[in-house]
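Numbers -21 to -1, 1 to 1148, taken from mature numbering (1 follows the signal peptide of the UniProt record, and there is no 0), label the letters of the sequence shown in order. Okay, so here's the structure we're looking at.
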Amino acid sequence: MKKRILYYLFILLLFPHNGTGQTVARMSDRPVNTSQWITTHFARGVVPPFSFEYGGKPSQEFIKSWSYTATRQKSDDPKVLKYLYTYREPSGGLKVECEVKGFTDFNTVEWVLRFTNQGKKNTPEIANIKVSDITFRYQHPGAFNLHHSEGSHASKSDFSQQLTILSPGDNLYMRPEGGRSSQMRMPFFNIESPANQGVIVAIGWTGTWFADVRCADQQSVALTSGIERLKTYLYPEESIRTSSVCLSFWNGSDRMKGHNQFRRFVQAHHTWKVGGKPTVYPISTSFNYGDPTPCNEYTCLTTDYAIAMVKRYEQFKLVPEVFWLDAGWYNHSADVANHKNWANTVGNWTVDSIRFPEGLRPIADEVHRVGSKFMVWFEPERVMKGSAWALQHPQWMLDARGKAKQEDWTKDGEHDSYLFNLGNPEACRWMSKYIGDFLEENGIDYYRQDFNIEPEGFWAANDEPGRQGICEIRYIEGLYSFWEYLLNRFPGLLVDNCASGGRRIDLESISRSAPMWRTDYSYGEPIGYQCHTYGLNLYLPLHGTGTVSADKFTFRSSLGTSIIYNWKITEAGQSIYDMRDRQAEFKELRPYFYEDYYPLSGINNITSENIWLAYQLYRPSDDSGYIVAFRRKDNPDKSYTVNLSGLHPDHTYILTNKDTGEAIKKTGKELANGFTLTLDNPQSSLIIKYQSSTTAIQKLSVGKKTGVKLRAIGAELDPHFLSQNVTRNDGAKAEDWDRIVVKRVKEMGLQSLRVMVMPQWYEPKNDNPDASKIDWHNFTFNSVEMQSLYKVLDMAQEQKMEVTLVLWGAPPGHFLAEGNYGNWVVAPTNYEEWSENFSALVQHLLNNKKYTCVKEITPINEPDWSYIIKGKAAPTADYIEMCKVLDRRFKEDGIRNKVHFSLSDNSDGGTGTHKYLAACTKGLANVADVFNSHTYIFGYETPNSTILDWEKQNSQLASSVGKAHFIGEFGGNQCVGATRQKDIDLYERGVLMTRIAINLLNAGASGVSYWSLIDQYYGKDADYGAMQQLGLWKYVKKTYASEPYYNDIKSDYEVRPQYYAYSLLTRFIRPGAEIYPIATPEEWYAGTAVRNTNGKWVYVFANGMDQEKAISLINQHTQTKGNYQVYRYIKDGLPTTDQMLAPDAQPLKVNDKILCLLPAHSVIVLKQE
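Have a look at this one:
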C-alpha cells in the first residue's frame, strides 16, 4: 500500500496539470451538477476548457489577462441554462465568444466558439483551435475504456462498435475522411473511466473535425477536439464559428446508462421540432424501385407510372406515411443513348418535361389524395461540368483543379464535378430560394439531400493563401443556413440527410436532419443491416434504412424508427399479406426504438455469419419492451442466453413470443441473470415482447350522469340489398335477406336504422303541376326500390326498431332538381314540390302501409356540402328555408305530429361542423325535434379529450334551444373516398369504434348510428370500385376476387371483427338508458357506466393502448356488490362464426368496488346480473 501511495504522489509531481488538457475537471463520485460545472470552468480568472494559438502564442498564456464578461441568457426551458462568455483582446482586436448550454436534466454541457475581428486591420494568425481542451481526473485509478464507432463506408461493419483500452501514454486520434463528418469515423464516443462513471462526447461539425483522447495517467484522460484544418487570419469585422462539442456525463457500472441518457438528450434537444415536438421520421415507400437496365434509380419513371404505383399501394392497403421519389427525375438523366444517368446529370435541377409534362405536382396530388406525404431527392451541391447550373453560374462553382476528380461519377469520360459554393452568401441565398420555390411549386412535403462527393480537396484547393480552413468553415456555415431556410420556410418540412448513405452524421447535422438512408452498403443485405442497427442505436434513435423483402429475417434486420419499403409490388412471388404483417410489426415496435436500448451480443465479431445477434428495447414508463434476435446461417446453436438490463429485479414479466404466441413468466432478476432464446433453424429471427405484470392499479369512479337519456344505438341500412345486390347475379340470393340480414340484426339487438330514400323511386315524374295536390295514381310505390325499402321496414317493424328516413337529395335531371346541377344529388329547386314529394312518401308509409317504426325524417344528407345550387354549396339559409317549408307541409297534411324532424345532418367537413350546426340550431329551433351530425375525423391517434370536446360543443348548441344531439353517422378517419376505410378489416378498428362511441355518449350525445351495416352496391351498374365497403360484414365472397385478401375470406357475408365489438354496445346499452361518464387518467382508453331502464348497470371499457390496464372502480350512485357477466372483445378470443360474444364461464364477483383488468387493445363489458 505504501508503495502505491508513493507512486501516485510521484505521478502528481510529474504531471502537475494532471494530463495534457489545459483545464482540469476534477470528477467526484457524485453526478455532475451542470450549473456548477459551467460556472466553475468558465469563471473569471480561470483558463477555460478550450484553447487556441494567437500570433504564435498559446491562449493559456494570455487568456486570463483579456477582458472577460459572463452573461446569463434567457432560456424558454427552465432545465436549459444558457451563458455567453466573452474574452476580448486588450487592444480591442480579437473577440472570442463561447456560447455554453447546460441541460440540468441530462447532466450535459455543450459549447461552440466564435472568433470576431473587431479591429481595423487583419488579425495575427489564429491556429490550433481546440474547442475542447480539458483533462478529466477521476478519484479511482485504472484503465480507461474508449468506446468509439466506425463511420459509414458502405461496409457490413458500418457503425460497428470499437473498444480501445487506454493506459498511461496511450491515445487515439480520430477524424473522418474526405470532408464528410461520419465517413469512416463517427463523431460520437464514450469515455468510460475506472471510477464507474464517464462522459459521452459528441462533436458538431459537418466537415473535417478531429478528436484526440489521451490517457495521462491511471486517473486522468484528456480530450481535445476541433476543426482539423484551421490556420488563418481574420479580416476586419470578419467572424467565424467553430465546431461544437457536447459532454454528457454519466454515473454507473453500466456504460449503457450513458448511452441511453444521450439518446434521450438527442431527442429532447438535438432533433428538429415540428409543432413544438421532435420530428418523427416516416415510414416510406418507393415507386417500385429497381427498373431493368439501362434504367437506373428513377430515370425511367413517368407521371402515369408513379400515379399507378400510388393507386396500387392504396389497392393493397399498404399506403405509407411518405412516398419517396429518389434520383433521376430531372433533365437529361434519362438520356441513356448519350450515356447519361442519374449520377452524371446533377446540376440540371428542372423536371424532365418529357416524362413529367406537368412537373411533379400531379404525383404530389395523388400522394396527398391517399393521405401520404411526398419526398423528393436532390443533390444540389455536386454540379456536373456542362450542366445547367455550371453554365449559368460559373462564379459559384468550386473546382478541385484535378485534386479530387470524381471518377466514380464519370460515365462517359468527359464530365467532372464542381462543388456548389455554399460559402458564398449570394450563392447560398440563391440556392435556398430556388430549392424552396421548387418544393412549393411541385407540392413536395419533405426534402431529401444527397452528397456523393468528397469536399475536402475542393476546400483545400480554394483556400486563400494564409487562410487555411476558411473555405470549409464558410461552406459548412452556408450548409446550416440553407437547411434552416427550408425548415423555417416550411414548418412541417423534414430533411433527410443521405451523403452516400450516412456520411454526414454529427451533432449539428442531426439537429436539422436525420439519415433516413444510413448506408449505401449492399441494398437489403440483412447481416450488414443488423450490424448497422446494432451500432448506430448506441447514440442515435432517429435513423432509417430500406428493406427489399418481406421475409421475417430480412425485414427485421431493418427495424428502427424509420424505414423505406422497397418492395416489388408488381411481381409474382411477392406476398401482400406478408407485407401487411411486416408493416404492422414495424409500427408495433417503432415506438420502442425511441426508448432505452441495450446491445446483448457484445462487440466482437458481429459481422460474422456464425453468431447470434440480439438487442433489447425497453420503455421505462410502462416497464415493457422487446427482445429482437437473429440466428445467422452458419451458427450451430439452437439456443442463446442473454442478460437483460434496466428491469426491476422484483417485478414479474410476461414474455410473449410474437411468432408462436408462447408466453412465460420471469422475474426481472431472473432475466438479468440469464434468459435463453431458442430458434430451431439457422437464418431465422425472433421477437419477444415483455411486459411487467406488476401493473399499477388505476382508481376510477363513476361520474355524474349526462342528463341525456339514450335514444338508440343503431346503424345505417340503405335499402339496396334486394333492388341492387340480388339483381346483379353475382351470388346473392333473395333468401339471404332473412337468413343473414334479419337474423344478425335481431341477434345484435340493433335499436334504430337510418335508411336512405330517393324521390325518383316513387315519383319519377311530377304527379301534377300543382304542388298543393297529390295525384296518388302517379306515384310508383311498387317500384323495385320501394319493394326493397319495404323489406327493411318490415324487419324494423317486427323487431320494434326505430327508423329515420333520409331523403338524400334531388338527383340532377329529376324534376325536383330542374335547372340545378352539381354532385350526384343537389338541392331541390322548388321547395313546395319537394315537400309534397316527401309528405306523400311518409303518408303512404304511415297510413297505407301502417308502419309504426318510421319515427323520424331527415331532408337532405349532409347538406353542408351536398345542398348544391347551380354547382355551388348553398348558404345555410337556403337549407333552413327548405326545412321550414317542409314543416308547414307536414302540418297541413296532418302528419307532423307523427314523425320527428332530425335536422342539420351536417358532416364534419364542408363549412365546419360547429358553424353549420350553430346556424341550424339558431334558424330551426322551432322546427327541429332533434339535431344530428356525422363524424369521420377520429382515429387511433385521437385522444379522448378531442372527441369529448367535439361532441360537447355539438350537444351544447342543441341543448341551448332545448333539443338533443344525435350522431347520425360515425366511423374512423382512415377514409379512402366515400366507400372505403383503410382499416376496415383490422381487429383494432372494433376497439376504436367502441372508444369513439363511448366518448360521444359521455359528452352528451343521445345516441350513435354506425355507417354502415353491410357492404353493398348503391347503383345497379356500379363497378366494384364504387361498392360501399364499410359494413360490419362483407358481401358475397366472389365480389372481392380482385383483392389480395380474397383467399382469406372463408364464407359469403363474412363478419368483420368490429361486428362483435359494436354488438356489445347494441346488446347491452338499451334505449332510455342513463349515461354516467367514467374519467380515465390516460387518453387512449375510455369507460362509461350505463343504467338501463330495468335498473341494472352496465360498464363498458375500450382500451386502445398497447398496455394492459388494471382498474379499481367505485360507483357512488349504487351498491356495486353482486355478480357481473364479463364479455371480452380480445383478438384471440373472437368466434369463428357470426355468433355473438359469450360471457366468461364464471361471473365477476364484486363487493364494494369493481376490480378488473383491461387487456391491451380490448373492449370489456361488465353486465350486472
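Ideal placement from N, C-alpha and C gives every residue a C-beta, glycine not left out. Bear in mind that the values here come from a model prediction, so they are computed numbers and not experimental data.
Where residue i sits in the DSSP three-state scheme
| i | result |
| --- | --- |
| Ala976 | helix |
| Met235 | helix |
| Val178 | strand |
| Gln385 | Residue placement at Gln385 is flagged as unreliable, the pLDDT there being 38, under the threshold of 50; the coordinate-derived value follows with that caveat. In the structure shown, Gln385 sits in coil (DSSP, three-state: anything other than H, G, I, E or B). |
| Asn317 | helix |
| Asp391 | Annotation note: pLDDT 35 at Asp391 (below 50); position unreliable, no value reported. |
| Asp112 | strand |
| Leu729 | coil |
| Asp602 | coil |
| Lys1088 | strand |
| residue 1173 | As shown, the chain starts at -21 and ends at 1148. That puts residue 1173 outside it, with no answer to give. |
| Ile262 | strand |
| Tyr571 | helix |
| Val940 | coil |
| Cys1135 | strand |
| Pro1050 | coil |
| Lys36 | strand |
| Thr143 | strand |
| Thr1067 | strand |
| Leu992 | coil |
| Leu1145 | strand |
Residue i, enclosing beta strand (DSSP E) - first and last residue
| i | result |
| --- | --- |
| Pro578 | 575 to 578 |
| Gly947 | 943 to 949 |
| Ile108 | 105 to 109 |
| Ile1109 | Here Ile1109 belongs to no beta strand (DSSP E), and DSSP marks it neither H nor E. |
| Asn589 | Asn589 -> no beta strand (DSSP E), and no H or E assigned at all. |
| Cys194 | 188 to 196 |
| Glu32 | 30 to 33 |
| Leu486 | Note, Leu486: premise wrong, no beta strand (DSSP E); alpha helix (DSSP H) at 486 to 489. |
| Pro336 | Taken as a continuous stretch (DSSP letters only), Pro336 belongs to no beta strand (DSSP E), as it is neither H nor E. |
| Leu882 | 879 to 885 |
For residue i: DSSP bridge partner residues
| i | result |
| --- | --- |
| Pro1036 | For Pro1036, which the question treats as bridged, DSSP gives no partner whatsoever. |
| Val970 | DSSP lists no partner for Val970. |
| Ile170 | Leu125, Val178 |
| Met165 | Answer is none; Met165 lacks a bridge partner. |
| Val253 | Lys256 |
Residue i, enclosing alpha helix (DSSP H) - first and last residue
| i | result |
| --- | --- |
| Asn467 | 449 to 468 |
| Tyr212 | No alpha helix (DSSP H) contains Tyr212, which DSSP labels as neither H nor E. |
| Cys225 | First-last for Cys225: 218 to 230, but that is the beta strand (DSSP E), not the alpha helix (DSSP H). |
| Asp344 | 340 to 348 |
| Trp356 | Careful: Trp356 lies outside any alpha helix (DSSP H), inside the beta strand (DSSP E) at 352 to 357. |
| Thr18 | 13 to 20 |
| Val864 | 855 to 871 |
| Glu1053 | Counting along the chain, Glu1053 falls outside any alpha helix (DSSP H), though it belongs to the beta strand (DSSP E) covering 1053 to 1057. |
| Glu435 | 435 to 440 |
| Trp844 | 842 to 845 |
Supposed close pair residue i, residue j - CB separation, criterion 8 Å
| i | j | result |
| --- | --- | --- |
| Trp229 | Ile182 | No, Trp229 and Ile182 are not in contact; Cβ-Cβ is about 18 Å, not under 8 Å. |
| Tyr47 | Tyr33 | Tyr47 to Tyr33, Cβ: 16 Å. No contact. |
| Val909 | Lys942 | 6 Å |
| Leu92 | Thr221 | 4 Å |
CB contact check: residue i to chain E, cutoff 8 Å
| i | result |
| --- | --- |
| Gly686 | Protein chain content of the structure displayed is limited to a single chain, and chain E is not contained in it. |
What alpha helix (DSSP H) runs, 4 residues minimum, are completely inside the segment 889 to 927? 892 to 902
What runs of the alpha helix (DSSP H), each 4 residues or longer, lie entirely inside the segment 400 to 430? 404 to 420
At which residue ranges does the segment 506 to 559 contain complete alpha helix (DSSP H) runs of 4 or more residues, listed in the order of the chain? 531 to 535
Could you tell me which whole beta strand (DSSP E) segments of length 3 or greater appear in the segment 627 to 678? 631 to 636, 642 to 646, 654 to 657, 663 to 671
Runs of beta strand (DSSP E) lying entirely within the segment 55 to 101, each at least 3 residues, in chain order: 59 to 67, 73 to 82, 87 to 96
Length at least 4, wholly inside the segment 759 to 825: the alpha helix (DSSP H) runs in chain order: 763 to 777, 810 to 822
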